[in-house]
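S.K.:
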Amino acid sequence: MNISGKKILVLAPHTDDAEFGCGGTIAKLKENNNEIYCAAFSACKQSVRKEFPEDILIFEVKAASKILGIDEDHLFLFDYSVRTFNFKRQEILDDILKLKENIKPDIVFIPALTDLHQDHYTIAQEGFRAFKFCSLLSYELPWNNLSFNTASFMKLEESHIQTKINAISEYKSQAHRPYANEEFIRSLARTRGVQINTKYAECFEVIRWIL
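Quick note: the sequence shown uses this note's numbering, first residue 145, plus one each step.
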């Protein structure tokens, strides 16, 4: 199915989750004339390494989003403290409902409903609650997914993977993460590609798909 001319919203618990989870897909959807929006709910100021300014991730997500082709006014940044989302569920839901009202997206990407990280889990649950009448897909973050149903795939080209790598490379403050490197990004995309007999892919759990 060729997805074109749609409004796409990605809900990211933290500033880098959209790039890691579906950066290649964002690049392809943008290329196919879709309108891409991204909302990140925390810049993780409380857990930034001491050698970086505490607000470094705000600058990094803006740079990464520009590489992915997300317009500046389509990037929404909230200031929830990392690892406290479960205490702010109603406030987060209210913010998501405002996004729903203002954007009226056709397709929404959220973390897996079984994601082990407490912030990711909260965004997934409240995202599902807000967009239960919308097409919903969960993106893959293997380091947080105890299990993941690879039910849907997006075929990607080299250009999409390179764009994803370039976007993630803007996160200098996260370069120490074992998954924040080109080798891992390509190997996961190759693994998912092999599953559908293509070179590269990203995979998603289907929560709801409205035709």
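Positions of the beta carbon are idealized from the N, C-alpha and C atoms, including for glycine.
Everything numeric in this text was worked out from a predicted model, so none of it was measured.
#1: Find the nearest neighbour of residue 273 within the set 233, 310, 262, 301, judged by alpha-carbon distance.
#2: Mapping the DSSP letters down to three states, classify residue 226 as helix, strand or coil.
#3: Drop a sphere of 10 angstroms on the beta-carbon of residue 217, count the other beta-carbons inside from all chains shown, and report buried for 16 or more, exposed for fewer.
#4: With DSSP as the reference, label residue 321 as helix, strand or coil.
#5: Less than 8 Å between C-beta atoms, sequence neighbours within five positions excluded: which residues of the same chain meet that for residue 317?
#6: Given a cut-off of 9 Å, decide if residue 211 and residue 178 are closer than it, judged by their beta-carbon atoms.
#7: Confirm, please, whether the CB-CB distance from residue 254 to residue 268 is below 9 Å.
#8: Report the option in 162, 150, 182, 326 whose CA atom is closest to the CA atom of residue 256.
#9: Whose C-alpha, out of 209, 278, 246, 283, is nearest the C-alpha of residue 295?
#10: Kindly provide the ranges of any alpha helix (DSSP H) runs that are 4 or more residues long and lie completely inside the segment 236-295, ordered along the chain.
#11: Suppose contacts are defined by Cβ-Cβ distances below 9 Å. Is residue 263 in contact with residue 229 by that definition?
#12: Quick check on the DSSP output: what are the complete alpha helix (DSSP H) runs of length 4 or more inside the segment 299-354, in order along the chain?
#13: With a Cβ-Cβ cutoff of 9 Å, do residue 337 and residue 300 count as a contact?
#14: Is the beta carbon of residue 240 closer than 9 Å to that of residue 213?
#15: Quick check on this structure: which residue in 320, 346, 207 has the alpha carbon closest to the alpha carbon of residue 335?
#16: In the DSSP assignment, what are the bridge partners of residue 175?
#17: For the beta strand (DSSP E) that residue 231 lies in, which residues bound it at each end?
#18: List in chain order: all unbroken beta strand (DSSP E) runs of 3+ residues lying wholly within the segment 153-223.
M.R.: Reading from the atomic positions:
#1: Position 129 of the sequence shown, counted from the start, is the residue given in the question as residue 273. Among 233, 310, 262, 301, the Cα nearest to that of residue 273 is on 233.
#2: If you number the sequence shown from 1, residue 226 lands on position 82. Coil, per DSSP.
#3: If you number the sequence shown from 1, residue 217 lands on position 73. Per the 10 Å Cβ criterion, exposed.
#4: Stepping through the sequence shown from its first residue, residue 321 is reached at position 177. The answer is coil: DSSP assigns residue 321 none of H, G, I, E or B.
#5: Position 173 of the sequence shown, counting from 1, holds the residue named residue 317. So the list reads 192, 193, 196, 200, 201, 204, once near-sequence residues are dropped.
#6: Counting from one through the sequence shown, the residue named residue 178 turns up at place 34. Counting from one through the sequence shown, the residue named residue 211 turns up at place 67. Cβ distance not < 9 Å, so residue 178 and residue 211 don't count as in contact.
#7: Here residue 268 corresponds to residue number 124 of the sequence shown, with the count starting at 1. Here residue 254 corresponds to residue number 110 of the sequence shown, with the count starting at 1. Going by C-beta atoms, residue 268 is nearer than 9 Å to residue 254.
#8: In the sequence shown, residue 256 corresponds to position 112, counting from 1. Taking only the C-alpha atoms, the option nearest residue 256 is 162.
#9: Locating residue 295 in the sequence shown gives position 151, counting from the first residue. Selected option, being the one with the closest Cα: 283.
#10: 262-274
#11: Residue mapping note: residue 263 aligns to position 119 of the sequence shown, counting from 1. Residue mapping note: residue 229 aligns to position 85 of the sequence shown, counting from 1. Closer than 9 Å, so yes.
#12: 302-312, 326-339
#13: The residue given as residue 337 occupies position 193 in the sequence shown. The residue given as residue 300 occupies position 156 in the sequence shown. In this structure, residue 300 lies closer than 9 Å to residue 337 by Cβ.
#14: Taking the first residue of the sequence shown as position 1, residue 213 is located at position 69. Taking the first residue of the sequence shown as position 1, residue 240 is located at position 96. It is not a contact, given that the beta carbons lie outside the stated cut-off.
#15: To locate residue 335, count along the sequence shown from 1; it is residue 191. The option with the nearest alpha carbon to residue 335 is 346.
#16: Your numbering for residue 175 matches position 31 in the sequence shown. Paired residue(s): none; residue 175 is not in a bridge.
#17: For the purposes of this step, residue 231 is taken as the residue at position 87 of the sequence shown. Unbroken run through residue 231: none, as it is neither H nor E.
#18: 179-184, 219-221
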